[in-house]
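Chemist: I am attaching a structure below and will ask some questions about it afterwards.
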Amino acid sequence: PFMFLRDLFGAFVIVGVLIAIYRRFILKVPRMFTNAMDIYTILIVAVIMLSGIFLEASKMVAYSDYKRMVDEYSGLSDPEELKSLEAYWVKEFGTVSPNLKGPFDEKILTKGKDLHQSSCAECHARPQWAFTGYGAAKLITPIGLSIDRARLPSVLWYIHILACFVGLAYLPFSKMFHIFASSVSLLANGVIGKEKLAPANRATLQAMELDACTHCGTCSLRCSVIMAFEEISNINIFPSEKIGSIKTLASGKALSPRELRHLQEGVYLCSNCYRCTVVCPAGINLQDLWFNVRETLLQKGYPEFLVLSPLSFYRGLMKEETVLKDYEKPLTQAREAIAAQCDLMKKKDKVLALTPTNRKLKSGLNLSAQAKTFSACFSCQTCTTVCPVVGNYENPQEALGLLPHQIMHAAGLGLRDLAFGSNMLWDCLTCYQCQEQCPQGVHVTDVLYELKNLAVKQVREKTLEPIERK
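In this note's numbering, the protein residues as written are 8 to 477.
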């Protein structure tokens, strides 16, 4: 049974390797990336398994191995007995003999069987139980003598043992460590509630979960924001790929400003829909991992403008879980980075020209069917009157800068700094009250939304892209 179980589990591993090769190199599953570690792992496992099977097969057919065992353990000296035993091994064990060829007389085989049972049966089970090795032995039987003369069993033995040692040495540093880590991850997440974990224990669990990842790509297949990659060429948008970057960060290796920015953007481009966590076969709580890494990176000092977007909704719900309970700091950094590029808001006494100072702003708004309606505004101030944000202040102009109808004017005049630098633009609740009440049909909320995107795009071009190019 041991030979059978050994070959059975070996066959399972080979099937797994074939499936991995098929998915990654033939089927080419969408959103699945194959890195160097994946290739190394497949190669090492394949070499271990194939060398083991052919080592087993070559020893079955090797006459020199048979001869050595007979000389050392059988104690037989009679030529007739040796011939009978050899005939039995050629017939039943697949040994390739230079002296004997089948078919054999039944009496010789019967005598050989008796000798085998008295001298060999205690140590040697029927080779047919090792079905993969026996099948390979049948394939190489025609060249069995050549294999024996070339001492191929010894060569395969060294290859097999060295491959096993390399695999064992590489195991703690590769994704193969998931053999242990994923089991612990599944057990831990199955019995421990998030609210029961102290911060230090949660960090330990998440460090272990990084090693539990098999880079199977299942999370990327289910990710709800993956289409953002079509517009933003950042590989860290893919959940399966950002795990590798997070492991590098957690290991203490220095990441370049560009790598940090890409990782920060990748973990923030997440709707926290929980899909990746639900489908992860290793039981990794990816949603919790993204949140903690996101908060850690936000403390690095690089402004992240996605905190001003609806993608921050989950962060607002988890306000008490933020690093150092500092919820406002990333928001302030992003707002200050934008304000730093809008000097005109600081010069309230400056005389403005009537001609458009930024035609690029108007042309950018005109690209949108919704946003281009700003030109229809005739300053009735209905949008400002119904705005709940404006109504929240006694002196709204002092707190918000430009009011909604004034932002429409700034867009019409092409005054980019005034439009981008107004607090009203970023405090908008997107409640659509202004847009619903506008008598001219100006899509006020949509205009504000487009202005936000244009503002972020401009600031990124001026401040972040030079950093990312380093």
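Idealized CB from N, CA, C, for every residue including glycine.
What do you get for VAL22, buried or exposed, if any count of 16 or more other CB atoms within 10 angstroms of its CB means buried?
Modeler: Within 10 angstroms of the beta-carbon of VAL22 lie fewer than 16 other beta-carbons, which makes it exposed.
Chemist: Could you spell out where the alpha helix (DSSP H) holding ALA210 opens and where it closes?
Modeler: That run of the alpha helix (DSSP H) goes 206-219.
Chemist: Expressed to the nearest angstrom, what Euclidean distance is found between the alpha-carbon atoms of LEU449 and LEU432?
Modeler: Note on identity: in this sequence residue 449 is Val, with Leu being the wrong assignment. Going from the Cα of VAL449 to the Cα of LEU432 covers about 16 Å.
Chemist: With a threshold of 7 Å on Cβ separation, who are the neighbours of ARG38 within its own chain once the five nearest residues in sequence on each side are excluded?
Modeler: Within the same chain, and ignoring the five residues on either side of ARG38 in sequence, the residues whose Cβ sits closer than 7 Å to its Cβ are GLY224, SER227, LEU228, ILE233 and PHE245.
Chemist: Going by C-alpha distance, which of ASN243, GLY59 and ILE186 is nearest TYR275?
Modeler: ASN243
Chemist: Taking 8 Å as the cut-off, decide whether the C-beta atoms of ALA144 and MET44 are in contact.
Modeler: no
Chemist: Determine, using beta carbons only, whether GLN440 and VAL393 come nearer to each other than 8 Å.
Modeler: yes
Chemist: Using only the alpha-carbon positions, how far apart do CYS387 and MET415 sit?
Modeler: 11 Å
Chemist: Note the first and the last residue of the continuous alpha helix (DSSP H) segment covering GLY428.
Modeler: 423-428
Chemist: Between ILE55 and the rest of its own chain, which residues show a CB-CB distance below 8 Å, the 5 nearest in sequence each way excluded?
Modeler: HIS167, ALA170, CYS171 and GLY174
Chemist: For chain B, is any of its Cβ atoms less than 8 Å away from the one on PRO105?
Modeler: No chain B is present in this structure, which holds just one protein chain.
Chemist: Once the 5 residues before and after GLU88 are set aside, which same chain residues still bring their CB inside 7 Å of it?
Modeler: LEU122
Chemist: Buried or exposed: where does ASP424 fall if 16 or more other Cβ atoms within 10 Å of its Cβ makes it buried?
Modeler: Burial call: buried.
Chemist: Could you check the C-alpha separation between PHE138 and LEU163 for me, to the nearest Å?
Modeler: Spanning the two alpha carbons is a distance of roughly 19 Å.
Chemist: Leaving out five residues before and five after VAL286 in sequence, what residues of the same chain have Cβ atoms less than 7 Å from its Cβ?
Modeler: THR225, CYS226 and ARG229
Chemist: Mind checking ASP218: buried by the 16 CB within 10 Å criterion, or exposed?
Modeler: By the Cβ neighbour-count rule, ASP218 is buried, with 16 or more other Cβ atoms within 10 Å of its own.
Chemist: Would you say SER382 and GLY421 are within 8 Å of each other, going by their C-beta atoms?
Modeler: The criterion of a C-beta distance shorter than 8 Å is not satisfied by SER382 and GLY421.
Chemist: The alpha helix (DSSP H) with GLN413 in it runs from where to where?
Modeler: That run of the alpha helix (DSSP H) goes 411-420.
Chemist: With distances taken between CB atoms, is the gap from CYS277 to TRP297 smaller than 8 Å?
Modeler: It is a contact, given that the beta carbons lie within the stated cut-off.
Chemist: Give a yes or no on whether the C-beta atoms belonging to ASN241 and GLU272 are separated by under 8 Å.
Modeler: yes
Chemist: Thinking C-beta only, is PRO395 closer than 8 Å to CYS438?
Modeler: yes
Chemist: Considering MET39, what are the terminal residues of the alpha helix (DSSP H) in which it resides?
Modeler: No alpha helix (DSSP H) contains MET39, which DSSP labels as neither H nor E.
Chemist: Determine the closest residue to TYR165 out of PHE61, THR284 and LYS464, with distance taken between C-alpha atoms.
Modeler: PHE61
Chemist: Can you tell me whether SER231 is buried or exposed? The criterion is at least 16 other CB atoms within 10 Å of its CB, across all chains shown.
Modeler: exposed
Chemist: With the cut-off set at 8 Å, would you say VAL97 and LEU107 are in Cβ contact?
Modeler: yes
Chemist: Let me know the secondary structure DSSP gives PRO446 once reduced to three states.
Modeler: coil
Chemist: Three-state secondary structure (DSSP) at LYS120?
Modeler: helix
Chemist: Using the Cβ count rule (16 or more neighbours within 10 Å means buried), how would you classify SER91?
Modeler: buried
Chemist: With a CB to CB cut of under 6 Å and the five nearest residues on each side skipped, what residues in its chain are close to ALA426?
Modeler: ILE414, ALA417, ALA418 and LEU458
Chemist: Using only CA atoms, which one of PRO206, GLU468 and PRO317 lies nearest to ASP295?
Modeler: PRO206
Chemist: Within 10 angstroms of its Cβ, does GLU216 collect 16 or more other Cβ (buried), or is it exposed?
Modeler: buried
Chemist: Would you check if the region 176-196 and the region 149-163 touch, i.e. whether three or more CB-CB distances between them fall below 8 Å?
Modeler: At 8 Å Cβ cutoff, the stretches do not touch.
Chemist: Using a 10 Å radius around the Cβ and a threshold of 16 neighbouring Cβ atoms, would you call ALA261 buried or exposed?
Modeler: exposed
Chemist: For ARG133, count neighbouring C-beta atoms within 10 Å of its own C-beta (all shown protein chains included) and say buried if the count is 16 or more, exposed if not.
Modeler: exposed
Chemist: For the putative contact between GLU93 and SER104, defined by C-beta atoms under 8 Å, what is the C-beta separation to the nearest angstrom?
Modeler: Yes, GLU93 and SER104 are in contact; Cβ-Cβ is about 6 Å, under 8 Å.
Chemist: By the three-class DSSP mapping on this structure, what secondary structure does SER278 have?
Modeler: coil
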